[in-house]
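> Here the sequence shown stands for residues 2 to 311, numbered as in the working numbering. Quick reminder that beta carbons are idealized off the backbone N, C-alpha and C, glycines included.
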Amino acid sequence: MTLCRPIESWTNALTAMIVGDAAAKLAASAPADSGYVVVLPVFRWVQAAVNVGRKDRGPSGERLPMPLRVGYTDGPVQFVTTSRRQAVHGVGLGLTVDQVVIVDPRQQDVGAWFFTSCHESTQETLGGLVEAGERARWEALMQAEPLALAAVKHAEYALSCSVFGDRTSRHLVDAESLLAISHALVFGVCDDDKTVRGLSSAERIIEKSLRPGCFRGVDPLRYLWKNLVRDADPLLRAKVDDPRLGSLVRRVSRDIGSVDPQAVHSAIQEMTDRHSIPSVNAVRLALTTGSIPEAETVPFRDVDVLGVSA
Numbered sequence: 002m003t004l005c006r007p008i009e010s011w012t013n014a015l016t017a018m019i020v021g022d023a024a025a026k027l028a029a030s031a032p033a034d035s036g037y038v039v040v041l042p043v044f045r046w047v048q049a050a051v052n053v054g055r056k057d058r059g060p061s062g063e064r065l066p067m068p069l070r071v072g073y074t075d076g077p078v079q080f081v082t083t084s085r086r087q088a089v090h091g092v093g094l095g096l097t098v099d100q101v102v103i104v105d106p107r108q109q110d111v112g113a114w115f116f117t118s119c120h121e122s123t124q125e126t127l128g129g130l131v132e133a134g135e136r137a138r139w140e141a142l143m144q145a146e147p148l149a150l151a152a153v154k155h156a157e158y159a160l161s162c163s164v165f166g167d168r169t170s171r172h173l174v175d176a177e178s179l180l181a182i183s184h185a186l187v188f189g190v191c192d193d194d195k196t197v198r199g200l201s202s203a204e205r206i207i208e209k210s211l212r213p214g215c216f217r218g219v220d221p222l223r224y225l226w227k228n229l230v231r232d233a234d235p236l237l238r239a240k241v242d243d244p245r246l247g248s249l250v251r252r253v254s255r256d257i258g259s260v261d262p263q264a265v266h267s268a269i270q271e272m273t274d275r276h277s278i279p280s281v282n283a284v285r286l287a288l289t290t291g292s293i294p295e296a297e298t299v300p301f302r303d304v305d306v307l308g309v310s311a
């Protein structure tokens with residue numbers, strides 16, 4: 002079966018994490034008998050019933066299957082000794098899955114099966130799944146890194162258009178700053194003592210991606226992209242001292258043809274549907290965003306410290 006490779010790779014990482022979390026919960030219940038650990042498919046590959054762009058088109062124009070998240074009555078990782086019925090449910094990509102499957106150790110035609118002869122063997126098998134899930138978390142961050150940089154560039158272009166009033170090639174921040182923001186998205190923001198402050202944006206998105214029902218109208222990779230672009234925006238605004246409602250301020254300024262902070266503030270106040278109104282100082286700050294050239298950051302290796310060119 003031909004699949005979109007980036008989506009397949011990301012889905013495989015999510016699968017390993019979902020399976021690892023389920024295996025950890027099952028290990029806590031300590032199944033003691035001999036039997037089978039079965040890992041059921043977390044995603045089903047189906048023809049999307051909604052527009053997902055060109056991701057579901059192959060080189061020859063053929064339709065490619067897309068991942069649909071499904072859940073089971075007793076979870077994706079189970080300890081089985083006899084046949085059992087499992088309700089399967091999934092919603093996404095314009096489709097709904099509602100059916101029943103038989104998980105039968107005599108047939109083993111659903112999922113991946115691992116025979117365990119005793120409690121220790123079962124725990125070892127489950128432990129291997131947990132470790133694979135932990136590795137997948139780190140690998141997922143590595144996969145997210147280039148996408149985060151692209152998301153930051155995308156958000157920076159949108160903010161530049163807002164600041165300069167047109168589709169422009171001018172930049173608000175330099176390449177090194179874009180890279181630093183993308184690293185903060187993926188790996189987190191460090192405090193003064195160099196410790197990471199909570200989960201990074203990418204880590205939070207990944208954790209949300211593990212929840213059932215997360216993907217409704219989009220595929221998992223699109224979900225990651227949209228949320229990275231969203232989370233890049235406040236980091237960029239902080240970098241250039243642009244207030245949260247800066248885009249609104251500049252749009253109103255252009256609409257009324259004035260850059261006077263008080264006039265723009267009054268115009269915003271007249272918009273009765275606005276629940277939050279920026280202060281006059283925030284309006285003034287938004288109107289001056291981009292007016293001061295950003296200092297260019299260069300890698301230390303490019304700095305001629307001794308005055309001798311390499």
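Which residues does DSSP pair with Trp46 in a beta bridge?
DSSP output for Trp46 lists Pro68 as bridge partner(s).
> Leaving out five residues on either side along the sequence, give the residues of the same chain with a beta carbon under 8 Å from the beta carbon of Ala133.
Taken in chain order, the residues that qualify are Ala17, Val20 and Gly21.
> Where do the ends of the alpha helix (DSSP H) carrying His155 lie?
Counting along the chain, the alpha helix (DSSP H) containing His155 begins and ends at His120 to Phe165.
> Gln109 bridges to which residues according to DSSP?
DSSP lists no partner for Gln109.
> Let me know the beta strand (DSSP E) ranges lying completely inside the segment 71–104, each 3 residues or longer, listed in chain order.
The segment 71–104 contains these whole beta strand (DSSP E) runs: 78–81, 85–93 and 96–104.
> Label Ser210 either buried or exposed according to how many other C-beta atoms from any shown protein chain fall within 10 Å of its C-beta, with 16 as the threshold for buried.
Counting Cβ neighbours within 10 Å, Ser210 comes out buried, since at least 16 surround it.
> Phe116: buried (16+ other C-beta within 10 angstroms of its C-beta) or exposed?
Classification of Phe116: exposed, given that the 10 Å Cβ count is below 16.
> Would you call Ser30 buried or exposed, if buried means 16 or more other Cβ atoms sit within 10 Å of its Cβ?
Exposed, because fewer than 16 other Cβ atoms sit within 10 Å of the Cβ of Ser30.
> Are the CB atoms of Gln87 and Val104 within a distance shorter than 8 Å?
Their beta carbons are under 8 Å apart, which means Val104 touches Gln87 by this criterion.
> In the structure shown, what three-state DSSP assignment does Ala311 receive?
Bear in mind that a pLDDT of 44 at Ala311, under 50, signals an unreliable position, so the number given afterwards is only what the model happens to contain. It is coil, neither helix nor strand.
> Looking at C-beta atoms only, is the number of pairs between the segment 201–209 and the segment 237–252 that lie closer than 8 Å three or more?
Output reads no: the segment 237–252 does not touch the segment 201–209.
> Short of 7 Å in beta carbon distance, which residues of its chain neighbour Thr48, apart from the five on each side in sequence? Order them along the chain.
Before going on, a small fix: residue 48 reads as Gln here, not Thr. Correct list, in chain order: Arg64 and Pro66.
> Whose CA, out of Leu249, Glu125 and Pro221, lies closest to the CA of Arg6?
Per the Cα distances, Pro221.
> Tell me the DSSP bridge mates of Arg58?
DSSP, once it has assigned bridges, lists Arg64 as partnering Arg58.
> Hey, quick one: how far does the beta strand (DSSP E) through Gly21 stretch, first residue to last?
Gly21 -> not in any beta strand (DSSP E); alpha helix (DSSP H) instead, spanning Arg6 to Ala29.
> Under the DSSP definition of a beta bridge, which residues are partnered with Tyr37?
Answer by DSSP bridge pairing, in chain order: Val81 and Phe116.
> Buried or exposed: Trp139, going by 16 or more other Cβ atoms within 10 Å of its Cβ?
The residue is exposed, with fewer than 16 neighbouring Cβ atoms inside 10 Å.
> On the three-state DSSP scale, how would you describe Phe301?
Its pLDDT being 49, under 50, Phe301 is placed unreliably in this model, and the value from its coordinates should be taken loosely. Phe301 falls in the helix class under three-state DSSP.
> What do you reckon, are the CB atoms on Thr123 and Val38 nearer than 8 Å?
The answer is yes: Cβ separation under 8 Å.
> So, does the segment 178–192 touch the segment 263–283, judging by three or more C-beta pairs under 8 Å?
Counting Cβ pairs under 8 Å, fewer than three are found: no touch.
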